[in-house]
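Note that the protein sequences, when read in sequence, are chains A and B. For what it's worth, this note's numbering labels the leading residue of the first sequence as 1, then goes sequentially. For what it's worth, this note's numbering labels the leading residue of the second sequence as 1, then goes sequentially. In this text, a Cβ means the ideal position worked out from N, Cα and C, and glycines have one as well. All of these numbers come straight from a predicted model, not from anything done at the bench. Below is one structure, written out as structure tokens, with a few remarks after it.
Number of protein chains: 2
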Amino acid sequence: MGRTSDAREKIITAAQSLIELRGYSALGVAEICKSAGVPKGSFYYFFESKEALALTVLDEHWADERRDWSRILDSDAEPLQRLRQLFEENEAAQRDGQKTCGTISGCLFGNLTLELSNQTESIRRRLQEIFDAQVGMVEAVVAEALRRGEVDVADPREAAQGIVAQLEGQVLFAKLYNSLSPLGALWANCLALLRVRAPQEAAVGA
Amino acid sequence: MGRTSDAREKIITAAQSLIELRGYSALGVAEICKSAGVPKGSFYYFFESKEALALTVLDEHWADERRDWSRILDSDAEPLQRLRQLFEENEAAQRDGQKTCGTISGCLFGNLTLELSNQTESIRRRLQEIFDAQVGMVEAVVAEALRRGEVDVADPREAAQGIVAQLEGQVLFAKLYNSLSPLGALWANCLALLRVRAPQEAAVGA
Chain A
1 MGRTSDAREK IITAAQSLIE LRGYSALGVA EICKSAGVPK GSFYYFFESK
51 EALALTVLDE HWADERRDWS RILDSDAEPL QRLRQLFEEN EAAQRDGQKT
101 CGTISGCLFG NLTLELSNQT ESIRRRLQEI FDAQVGMVEA VVAEALRRGE
151 VDVADPREAA QGIVAQLEGQ VLFAKLYNSL SPLGALWANC LALLRVRAPQ
201 EAAVGA
Chain B
1 MGRTSDAREK IITAAQSLIE LRGYSALGVA EICKSAGVPK GSFYYFFESK
51 EALALTVLDE HWADERRDWS RILDSDAEPL QRLRQLFEEN EAAQRDGQKT
101 CGTISGCLFG NLTLELSNQT ESIRRRLQEI FDAQVGMVEA VVAEALRRGE
151 VDVADPREAA QGIVAQLEGQ VLFAKLYNSL SPLGALWANC LALLRVRAPQ
201 EAAVGA
């Protein structure tokens with residue numbers, strides 16, 4: 001497995017927790033190593049720089065999240081119900097995070113987009129790829145619902161971007177108020193964005 | 001006018017620019033003073049701490065933005081057209097910022113919410129007040145449109161929060177892609193969230 005080791009994983013896990021709690025800029029390599037319980041020399045054996053570590057954290061977090069998104073959005077359930085499940089699982093994940101950390105940390109990708117995307121080109125590009133992929137996965141479901149005549153949108157890609165934007169915006173509010181309640185609006189707002197006639201109708205198939 | 005002075009304003013202006021470009025955590029007081037052309041002693045004459053400065057930057061930025069939002073949202077135009085104008089002026093402001101800085105910096109309030117709201121209680125509270133006020137201003141317009149039978153929403157407050165969430169989410173994408181194009185979806189998505197029957201109808205009155 002090449003250069004993988006226990007120390008490498010410890011550094012990545014510690015970095016992800018610290019970035020979720022305090023952002024990227026506020027962190028130093030020494031603090032990450034201390035939290036990981038790994039000597040500083042190990043850090044530079046595995047990572048060229050803090051930026052390289054951040055890219056790895058993004059990749060690993062997206063690999064996990066993409067697995068969840070694929071399981072949900074590529075399932076055999078009705079298309080709109082898959083979107084509903086995506087929001088419900090997102091809310092459950094934020095609830096777990098709140099229990100563990102005492103505060104809602106929000107979306108790692110959204111956080112780093114607003115903190116870093118206008119400063120660090122490599123991180124901007126990686127975040128673009130991740131959000132492109134997220135929007136593409138939602139777009140495929142919207143296109144399927146459109147073929148089935150369940151939604152009324154002109155451009156599935158734009159509709160999907162509106163849905164992911166709504167998700168990021170409500171997660172921002174959840175973090176701001178340290179409350180899950182903004183996430184409760186995601187499903188109804190998704191149906192509205194997709195111009196589904198009545199929320200009740202779409203919910204019946206649940 | 002109490003303790004106001006040229007130096008104080010210089011510090012606030014420099015801090016706002018630096019925070020928009022690089023976030024809060026990455027900045028030091030020395031750098032802010034250097035950029036403002038003000039000796040470091042002056043800083044602590046006007047501000048107790050970097051946090052106190054950040055609160056002042058938020059207050060001043062919101063005072064300016066609230067003036068714009070009031071001018072637009074309290075005008076005599078049709079309610080939905082006021083929302084449209086809000087999005088158009090937001091896009092124009094991001095365009096100006098992009099021209100000046102070479103990159104879209106996004107929304108100062110959204111940026112600091114994701115960077116800091118789970119770390120610094122005073123900043124979290126201030127940002128809550130600002131977003132409460134924004135949602136309240138949009139809510140008043142939605143309630144007016146509801147009374148006129150122009151929109152179909154169950155809860156104007158929740159609808160308003162959905163609209164501001166969509167705005168923050170699309171501004172996040174604008175920053176991520178350094179592109180204004182995500183902001184072009186705001187008006188159509190707002191109409192969808194408000195369950196306005198057809199975008200064309202609402203646009204006729206423009």
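Check	Outcome
Taking 8 Å as the threshold, find out whether the region 65-77 of chain A comes into contact with the region 132-140 of chain A through three or more Cβ pairs.	yes
Whole angstroms are fine: how far does the CA of T100/A sit from the CA of A209/A?	Summary: the structure shown does not reach residue 209/A, with chain A confined to residues 1 through 206, and so no result is reported for it.
Which same chain residues end up closer than 8 Å to Q200/A when comparing Cβ atoms and leaving out the 5 residues on each side of it in sequence?	Reliability fails at Q200/A, whose pLDDT of 49 lies under 50, so the model's placement of it is uncertain and no value is given.
Residues of chain B with a CB under 8 Å from the CB of L176/A: which are they?	T113, S117, R124, L127, Q128, F131
Any idea what DSSP makes of T56/A, helix, strand or coil?	helix
Can you tell which of K175/A, P182/A, S179/A, L193/A has its C-alpha closest to the C-alpha of R22/A?	K175/A
Going by C-alpha to C-alpha distance, which of R195/A, L194/A, C190/A sits closest to Q85/A?	C190/A
With a threshold of 9 Å between beta-carbons, can G110/A be considered close to chain B, or not?	yes
Measure the beta-carbon distance from L183/B to Q81/B and round it to whole angstroms, keeping in mind my assumption that it falls under 8 Å.	Not really, about 17 Å apart at Cβ, beyond 8 Å.
May I ask you to report which of helix, strand or coil DSSP gives N178/A?	coil
Within 9 Å (strictly less), CB to CB, does E201/B reach chain A?	Model confidence at E201/B stands at a pLDDT of 49, short of 50, so the residue's coordinates are unreliable; what they give is reported in the following sentence. Output row for E201/B: interface = no.
If you draw a straight line from the C-alpha of C33/A to the C-alpha of Y45/A, how long is it?	12 Å
Runs of 4 residues minimum, wholly inside the region 85-137 of chain B: which ones carry the alpha helix (DSSP H) assignment?	108-116
Determine the burial state of R126/A: buried for a count of at least 16 other Cβ atoms within 10 Å of its Cβ, exposed for fewer.	buried
Q68/A: which of T56/A, E78/A, F87/A sits nearest, CA to CA?	Before going on, a small fix: residue 68/A reads as Asp here, not Gln. Comparing Cα positions, the closest option is F87/A.
Which of helix, strand or coil does DSSP assign to E65/B?	helix
Can you tell me which of N111/A, G106/A, D132/A, Q161/A puts its alpha carbon nearest to the alpha carbon of A54/A?	N111/A
Just how far apart, CA to CA, sit T56/A and A26/B?	21 Å
Name the residue from L172/A, E168/A, A154/A, I130/A whose alpha carbon lies nearest to the alpha carbon of V196/A.	A154/A
For P39/A, count the other beta carbons within 10 Å of its own beta carbon; 16 or more makes it buried, fewer makes it exposed. Which is it?	exposed
Can you confirm whether I32/B, when its beta carbon is compared against all beta carbons of chain A, has any partner nearer than 9 Å?	no
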